[in-house]
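Just below is one structure, and these are the notes that go with it.
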Amino acid sequence: MDTNVTSGFDVTRLRQDFPILATQVRGKPLVFLDSGASAQKPRAVMEAMTRSMETAYANVHRGAYHLSEVATEAHEAARVAVQLFLGAAEPEEIIFTPNATGAFNLVAHSFGRGMLKPGQCVLVSEMEHHANLVPWQMLRDAGLGIGLRFVRVTEQGELDLEDLAAKLADGKVGLVSVTHMSNVLGTVTPAAQIARLAHEAGARVLFDGSQAAVHRSVDVRAIDADFYIFTGHKLYGPTGIGVLYGKRALLDAMPPFFGGGDMIETVTLEHSTFAAAPARFEAGTPAIIEAVGLHAAIDYVTGIGMEAIEGHERALVDHAMRVLTQVEGLSLLGAAQDRGGVFSFSLEGVHPHDLSTYLDRSGICVRAGRHCAEPLHARFGLDGSTRASFGLYTTREEIDFLATKLTDARRFFA
Amino acid sequence: MSAAAPFDELYDLYSKVLRDLARSPKHRGSLEHASASARGDNPMCGDRVDIAVKLDGGQITDAMFTGRGCEISQASAALLTELVRGKSPDEARAMGAAVARMAKSGLRDETTEDLTRLSILSVVHKFPSRAKCANLAWHALDAALSGVKETSSE
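Residue numbers (our numbering), protein chains in the order written: chain A, 1 to 414; chain X, 1001 to 1154.
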């Protein structure tokens, strides 16, 4: 039996959709285990972007001519695709941003400065990506009297829900902003439960779905998220486009962040009135071609089926757990019950950077360092770690090959 | 282990000399009554090197390092503490510049015995993302000599 076909999910066939997977690194087949940093692109995404430039390109929301209307339609169709992908109620709840970081900064400036009150605070966890930490530190330090609190992460690498409840207890938290899936530990957080706790304490809740949206089916209304953020390039789409979902009523109440064209209603020399969401938050010419690419990426993954992708990745995670724990000297970070295809580890006697260089010579791409999550490494007493992260194209053979090379590396550096 | 072509470069990089240097306890530790010291941090990868020197009569009379990180950053620091002794700050800085040059070009500079020893670091040329590892200790030394407390080579 072919081990790479799980219930209709044929990874060998799907890999053919990704031209780069057929390339070699110094004469070795590419083993790309860094999809958590940025995923490779299927041909469908590249072709959609090229087609857009060849046949349907003009600036959007501006020209009263056919080509601009076609481009605008494609742009708004991408918004609808994102809406359906996230289970949002309306396309107006979808705001395009440059990336996830751009989305966090938008919320920190617009909601944070505009709607949080002095004395209130933002609550993040110890396992956040810097994108979901630094904007809040800057908000705290802006002299507006807005604080910043942290939810503990357990030894297993799970969000400490008791601590979350305790930190919410005094009712001063205005926003809970936590990851839906850790980019270091792979931990999937119980989003619906977190949202319920936050709402009971009168707080809004934002989820960083940069990893989760790639690996799981997301329904923002089912989990009752107030905000949800993800980025295109990790979802097999292009760089340069990210997404902020926000509940309509919230977005309507939020002040703009960037000012400029496209986000206004009327402008005089002295004053402007602002357009409604999403335009209010999309000043300037947007990522037109990238939105088309993101649309194609969403069509690509939903065509396979998020459940099928999740099933494949769950099988990979189980396999990786079995294989990696057999590698002598390897310690995994985190042991969450619910986890996705992200494994960070340390290998006794081998520095992550040296390990990454060693693996690279076998064609294996992994991330070494702190993965933009320095506080989490400090939490586990580590300077850094090595991370293997999976995509829908990852195979069991690649994980086996990684395990073999880890054992070799340990011998090499002994 | 077989030495297929891509692995030859690995053996070049992680030569016995370099790996022994990285593990050597010589000059690793704190320096009492240091005249100058600075920390070099590469925050992305977590490499850290603290360099402390003693200056007397315009010469570096003693140098020690502490730190943790990859083999390249630690070996470079070990070489530094060995080779800058008896040198003026300018001479020591020139050695740092030579390391940066060799890391970038891959060309060994064997014009002096000291530079010949430093030439071991020229191999990082084949591993562009690792040049900052080789440079870290030297950036820290430069910072220490300039009276700066922290630096990085990222």
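Here a beta-carbon is modelled for each residue, glycine too, at the ideal position from N, C-alpha and C.
| Query | Result |
| --- | --- |
| From residue 1116 (chain X) to residue 20 (chain A), what does the alpha carbon distance come to, in whole angstroms? | 41 Å |
| Helix, strand or coil: which one does DSSP assign to residue 408 (chain A)? | helix |
| Is the CB of residue 1044 (chain X) under 7 Å away from at least one CB in chain A? | yes |
| Scan the stretch 85-133 of chain A and note each continuous beta strand (DSSP E) run of 3 residues or more that stays entirely inside, going in chain order. | 94-97, 121-125 |
| Go to residue 254 (chain A), then tell me how far its beta strand (DSSP E) extends in each direction, as first and last residue. | Where residue 254 (chain A) is concerned, there is no enclosing beta strand (DSSP E), given that its DSSP letter is neither H nor E. |
| Chain X beta carbons: is any one of them nearer than 7 Å to that of residue 242 (chain A)? | no |
| So for residue 372 (chain A), helix, strand or coil by DSSP? | coil |
| Name the two residues that bound the continuous beta strand (DSSP E) containing residue 1074 (chain X). | No beta strand (DSSP E) holds residue 1074 (chain X); the alpha helix (DSSP H) holding it covers 1071-1083. |
| List, in chain order, every chain A residue whose beta-carbon is nearer than 8 Å to that of residue 1130 (chain X). | 353, 357 |
| Among A:242, A:201, A:155, A:350, whose alpha-carbon lies nearest the alpha-carbon of residue 98 (chain A)? | A:242 |
| Return no unless some Cβ of chain X is closer than 7 Å to the Cβ of residue 209 (chain A). | no |
| Let me know the secondary structure DSSP gives residue 360 (chain A) once reduced to three states. | helix |
| Contact defined as beta carbons within less than 8 Å: I believe residue 1065 (chain X) pairs with residue 1093 (chain X). What is the distance between those atoms, to the nearest angstrom? | Contact doesn't hold; Cβ gap of about 17 Å is too wide. |
| What residues in the stretch 1074-1101 of chain X have a beta carbon less than 9 Å from any beta carbon of chain A? | 1074 |
| Just mark residue 62 (chain A) as buried or exposed, buried being the case when its beta carbon has 16 or more other beta carbons within 10 Å. | exposed |
| Find the residues of chain A that neighbour residue 1168 (chain X), judging by a C-beta separation of less than 7 Å, and give them in chain order. | Summary: the structure shown does not reach residue 1168 (chain X), with chain X confined to residues 1001 through 1154, and so no result is reported for it. |
| Given a threshold of 16 other Cβ atoms within 10 Å of its Cβ, counted over all protein chains shown, does residue 167 (chain A) qualify as buried or as exposed? | buried |
| Suppose contacts are defined by Cβ-Cβ distances below 7 Å. Is residue 399 (chain A) in contact with residue 320 (chain A) by that definition? | yes |
| Taking the alpha carbon of residue 1081 (chain X) as the point to measure from, which residue in X:1055, X:1012, X:1051 has its own alpha carbon closest? | X:1051 |
| On the three-state DSSP scale, how would you describe residue 28 (chain A)? | strand |
| With burial defined as no fewer than 16 other Cβ atoms inside 10 Å of the residue's Cβ, what is the status of residue 1071 (chain X): buried or exposed? | buried |
| From the DSSP output, in three-state form, read off residue 193 (chain A) for me. | helix |
| So is residue 383 (chain A) in contact with chain X if we call contact Cβ pairs under 7 Å? | yes |
| Is the beta carbon of residue 195 (chain A) less than 7 Å from the beta carbon of residue 224 (chain A)? | yes |
| Can you give the Cα-Cα distance for residue 2 (chain A) and residue 181 (chain A), rounded to whole angstroms? | Residue placement at residue 2 (chain A) is flagged as unreliable, the pLDDT there being 48, under the threshold of 50; the coordinate-derived value follows with that caveat. Rounded to whole angstroms, residue 2 (chain A) to residue 181 (chain A) spans 30 Å at the Cα level. |
| By DSSP's criteria, residue 1150 (chain X) is part of a beta bridge. Which residues make up the other side? | X:1039 |
| Applying a beta-carbon distance threshold of less than 7 Å, which residues of chain A neighbour residue 1010 (chain X)? | 358, 361 |
| Between residue 116 (chain A) and the rest of its own chain, which residues show a CB-CB distance below 6 Å, the 5 nearest in sequence each way excluded? | 146, 174 |
| Roughly how far, in whole angstroms, is the beta-carbon of residue 1038 (chain X) from the beta-carbon of residue 1150 (chain X), given that I think they are within contact range, below 8 Å? | 7 Å |
| For residue 1127 (chain X), would you say it is in contact with chain A, using Cβ-to-Cβ distances shorter than 7 Å as the test? | yes |
| Expressed to the nearest angstrom, what Euclidean distance is found between the alpha-carbon atoms of residue 348 (chain A) and residue 113 (chain A)? | 45 Å |
| How many Å lie between residue 104 (chain A) and residue 93 (chain A) at the Cα? | 15 Å |
| Short check: CB of residue 384 (chain A) to CB of residue 352 (chain A), under 7 Å? | yes |
| Measure how close the beta-carbons of residue 188 (chain A) and residue 212 (chain A) come, nearest whole angstrom, since I'm counting them as under 8 Å. | 7 Å |
| How many angstroms separate the CA atom of residue 1004 (chain X) from the CA atom of residue 1014 (chain X)? | For residue 1004 (chain X), the predicted model reports a pLDDT of 46, less than 50, meaning its position is unreliable; a value from the coordinates is still stated below. Rounded to the nearest angstrom, the two C-alpha atoms are 15 Å apart. |
| For the stretch 131-149 of chain A, which residues have a CB atom closer than 9 Å to at least one CB atom of chain X, in sequence order? | none |
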